[in-house]
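In our numbering, the protein residues as written are 1174 to 1250.
Structure representation (structure tokens):
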């Protein structure tokens, strides 16, 4: 790691919590392949599809109790 990078990290850690959070968000956004709007559009479409499946009766919900029981059975034998 370069000296510049180390200095930058040290300065970033000296920021207050809000500024560090803002910086972290900016850095994470700079790594994303798709803009946030595209992710949101994909999730909206997925949610709409799932709601439609529920409304049409194509799929049914599973209660937490059933999910928990299945997981316990699977992993606890």
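In this text, a Cβ means the ideal position worked out from N, Cα and C, and glycines have one as well.
For residue 1237 and residue 1229, the rounded distance between their alpha carbons: On the chain shown, residue 1229 is found 56 positions in, with the first residue counted as 1. On the chain shown, residue 1237 is found 64 positions in, with the first residue counted as 1. Rounded to whole angstroms, residue 1229 to residue 1237 spans 22 Å at the Cα level.
Pull up the distance between the alpha-carbon of residue 1177 and that of residue 1213, whole angstroms please. Position 4 of the chain shown, counted from the first residue, corresponds to residue 1177. Position 40 of the chain shown, counted from the first residue, corresponds to residue 1213. Answer to the nearest angstrom: the Cα atoms are 35 Å apart.
Jot down the residue ranges of each uninterrupted alpha helix (DSSP H) in the stretch 1177-1209, minimum 4 residues, whole runs only, in chain order. 1190-1204
Suppose you measure from the CA of residue 1189 to the CA of residue 1199; what does that come to, to the nearest Å? The residue you call residue 1189 lines up with position 16 of the chain shown. The residue you call residue 1199 lines up with position 26 of the chain shown. For residue 1189 and residue 1199, the distance between alpha carbons rounds to 16 Å.
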